[in-house]
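For reference, the structure is listed below as structure tokens.
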């Protein structure tokens, strides 16, 4: 069960081209994406309305796509415009299309009611293509439900244990910090300052710190599952409670978790930095540390999933560090409930109409 | 759910030998097949009645088979005739056997009520071993429900799209033809004449046509899922509506689709021709084109199956070209319903007897 | 559904070390095992009580184990003793531990009510480390329910058919013997004397017999699924009905079948002998014959499982040789029923208390 009326990241912009047909399953629905000749993107259910063959193994014909099973041709609005063996096309011969927006390198699709698809709701990820910032494109695939990944990202106390040689480091002081958790629109905001800690390995790899650092991770985690983070570190100062930003290196992490199905998930990410932007080797080093760390996450989360699958009755014991993830799960549940109520209400209204 | 009172092709004759034990699952039931010393075929449930071990990993002993788990020996009628550790064999120690007929290279089994197994109901596939015709034996395995393959074979408009380099060719005129569909006993008869079309690649490979052709595909598709086809092509003539057969090459395609389980299927086929019968390379070329085309079918149908599996609520939009497949699906449904009624009625009759 | 109040073999002693964290799933529950610094063994649910991550991918810290997801630390009693991000540990932050006993090379765990875990109930397998006996450690994994393996071990008439070149031999006289079956506490006792039979291949490999032998297999098969056997053979004598033990070679087979899940099983075994104990090559030859034979069993039993899975309605036809296995299955069913009644009764008692 997934939230429908929200923008999901479906692809990096470069994955969708003018020549090819690109398919990715989003919240259980296979979505065909391609660019029209004017460069704008089409997002269409990847399933011919006739016998269900995937359109993505079909053929581009101008801005149209032809199903290569029985030859039906669909325009960019999903309407069937040609059927080899007949003249009159049934009016209901139409494939569903989805609102789609390309913005700052990401392709966002709206799987719910098109009337509600307001592009202004798309979060700002300007750092992905801003001239003052640099990053590389990241994507990994998970065989777990997306909420287990959200849990992971909503509690950074795991950094010292899952990522000792990458994002975390052996200094467990970081884990001992209680982050500040605030409810915001559609999610939570987490503020974590760790003062006078060892710089983590990935930061040591790009700068000689000469001592300890003040480190911050401040991020919004919002529906459906987007993390936008202001993070960085500076030589340890005296400025508690908020720490030092003098001589800092800074990042603007952008991460989007998009459910593929109940048991698998797409993970899009980049970790833009605004220093050494003329040194591709620094950008590469940061990216590789993040990829390695995310592989570490995937390993423990996949192990967790297998362990949970063995006992459907397992009850988790709550700890203080679960505050943010519990709040976010509550936000998700509330949104699902509202969409359910709305659907039920719409259904009731229709029923009334029919009766009346 | 499968039709039971019908003949299914279970094997090519050469697959069943005097030496070995051959096993193939037919409509969900594992069937052991072997030849007695007189060459006649035995078809028996491939499951020892004692503890369920497969008999096909057992041992031939004359016309009998011995289960190599605990040593029970069964005769060709399925009766247990020896048990190592005891003298008296329980009367119910019997493995089910099935009526089986070898005819024109195919081995047909009857999975339903043996009393109804009339060999005269077996369709005529004489071209498989007729001295004037040549073909090679074909078999492929599908991981889809058999009805999706029936659908494919009941609408040849897909030839231009799925088989552009084999059976179809780029000329979509072929797809535009509306075939004639007639209801016949237990199925449908399809007549498709495509006049003045490009000869398809597989036909070009065996003959220089010098121009366009008139092409016909006339076939009966009958329960459970047998396709017997008169097809061919001749240099384009003027003889509409029926086209030209002068200077033709002709085929008598024989295809049998046998469900293995709900989600997998056996596909037996051959494509006999009556020209160049002294040129094995022509027979080989035709066979290889057909095999390549059937691999193309399997690819799109398997993709279709995966796509349909993602959405159990998907509703297909009907097109005119579905006429034949819809009629055949109706014939299947009606037969299943009758068998169900019959079973229910038989049960009721038994109940009456018991009460009386 | 498995019996809970019983001792299961979980490992060979050498598998559980002071350095590592060893995990094995027993009756559906992942169990973490490790040795404390004093050498004693800890058996603990392999699942962190916080978010369910497996502890076995965690870190040893003295006699404790630290979960490497969020850093919770548990002592050998399963109590959480440290949480990086908070001072006060919730009292319910505890991982379940299981009574565990190492005895004669095997590690036994008790998955049920700890109050009932009486080590005196552990069967005697002294031959596994007795100075007068020699054997090698055996373990194989099965992808079938454990009861199918019990069935196999409770009817040795299969030896002549499944193991003609190892434990059985081509002489089917052995299978024709009716063993004596006695009910004992928690199981059955089987006595099988086969007189004047060919020595089986594995025995020929270690001794020149010069003729036929009298052979015995006398074993207890008890809950949950433990086989302890006095077996051997001697040159054929005249001493019916009990046969000859003069000049015999003797074995004390120890086998333990431990369910992993409903569809997979652990199999621990050894085949101690008290002759040629200074000849490691004899011990090795015997062990290899047994391993080969158990691979033969696994092949037929796995084929049986697949065959049974095809037809959930299959009814087995009983034969005389099933006497022992039917009795044992009855013992299992009765024990499961009693545990169910006990659980229901305990629940009722609690309900009464609440009401009162």
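Protein chains in written order, with our numbering: chain A, -10 to 345; chain B, -10 to 345; chain C, -10 to 345.
Yeah, the Cβ is synthetic: ideal placement off N, Cα and C, and Gly gets one too.
Residues of the stretch 129 to 155 of chain A with a C-beta atom less than 8 Å from some C-beta of chain C are 140, 144, 146, 147, 149, 150 and 151, listed in chain order. For residue 152 (chain B), no beta strand (DSSP E) run applies, since DSSP gives it neither H nor E. For residue 60 (chain C), the residues of chain A that pass the 8 Å Cβ criterion are 146, 147, 149, 150, 161 and 164, in the order they occur in the chain. For residue 248 (chain C), the pairing in a beta bridge is given by DSSP as C:254. For residue 163 (chain B), the uninterrupted alpha helix (DSSP H) segment begins and ends at 162 to 165. Along the stretch 55 to 94 of chain B, the alpha helix (DSSP H) does not occur as any fully enclosed run of 4 or more residues. Per DSSP, reduced to three states, the secondary structure at residue 285 (chain A) is helical. Annotation: the continuous beta strand (DSSP E) that includes residue -1 (chain B) extends over -4 to 1. Taking a contact to require three or more Cβ pairs closer than 8 Å, the stretch 245 to 264 of chain C and the stretch 129 to 140 of chain C qualify as touching.
Bounds of the beta strand (DSSP E) holding residue 224 (chain B) are 215 to 224.
Between residue 53 (chain A) and chain B, the shortest Cβ-Cβ separation is not below 8 Å. Residues of the stretch 294 to 305 of chain B with a Cβ closer than 9 Å to any Cβ of chain A, in chain order: 294, 295, 296, 297, 299, 300, 303, 304 and 305.
Using a Cβ-Cβ distance cut-off of 8 Å, the stretch 68 to 88 of chain B and the stretch 28 to 40 of chain B are in contact, since at least three pairs of beta carbons, one from each stretch, lie closer than that value. Counted as a single uninterrupted DSSP element, the beta strand (DSSP E) harbouring residue 32 (chain B) occupies residues 30 to 34. From the beta-carbon of residue 46 (chain A), the residues of chain B found nearer than 9 Å are 288, 289 and 292. For residue 167 (chain A), the residues of chain C that pass the 9 Å Cβ criterion are 74 and 75, in the order they occur in the chain. Within the stretch 106 to 156 of chain A, the runs of alpha helix (DSSP H) at least 4 residues long that lie entirely inside it are, in chain order, 135 to 142 and 148 to 151. Going by beta carbons, residue 281 (chain C) and residue 155 (chain C) fall inside the 8 Å limit. According to the DSSP secondary-structure assignment, residue 241 (chain B) is paired through a beta bridge with B:219. At least one CB of chain A lies nearer than 8 Å to the CB of residue 308 (chain B).
Excluding residues up to 5 positions away in sequence, 4, 5 and 22 lie with their Cβ nearer than 6 Å to the Cβ of residue 11 (chain A) in the same chain. Here residue 266 (chain C) has 123 as same chain residues with Cβ atoms under 6 Å from its own Cβ, once five neighbours each way along the sequence are excluded. Looking at the DSSP output, residue 296 (chain C) shares a beta bridge with no other residue.
Contact with chain A is found for residue 40 (chain C), since one of that chain's Cβ atoms lies less than 8 Å from the residue's Cβ. Residue 302 (chain C) is classed as exposed because its beta carbon has fewer than 16 other beta carbons within 10 Å across all chains shown.
Fewer than three beta-carbon pairs drawn from the stretch -6 to 3 of chain C and the stretch 45 to 60 of chain C are found closer than 8 Å, and the two stretches are therefore not classed as touching. Shown here for residue 18 (chain C): same chain residues with a beta carbon closer than 7 Å to its own, the five before and five after excluded, namely 34 and 100 in chain order. Under the Cβ criterion of 8 Å, residue 36 (chain B) is counted among the residues facing chain C. DSSP, reduced to helix, strand and coil, places residue 195 (chain B) outside both helices and strands of the structure shown, so it counts as coil.
Residue state for residue 326 (chain C) is assigned as helix, using DSSP reduced to three classes. Non-local beta-carbon contacts of residue 102 (chain B) in its own chain, meaning distances under 7 Å to residues more than five positions away in sequence, involve -6 in chain order. At the C-beta level, residue 191 (chain B) and residue 296 (chain B) stay beyond 8 Å of one another. Contacts with chain A at 8 Å (Cβ-Cβ) include residue 81 (chain C). Within the same chain, and ignoring the five residues on either side of residue 171 (chain A) in sequence, the residues whose Cβ sits closer than 7 Å to its Cβ are 177 and 178.
Contact with chain C is absent for residue 248 (chain B), since none of that chain's Cβ atoms lies less than 8 Å from the residue's Cβ. In this structure the stretch 184 to 200 of chain C lies against the stretch 140 to 159 of chain C, because at least three pairs of beta carbons, one per stretch, are closer than 8 Å.
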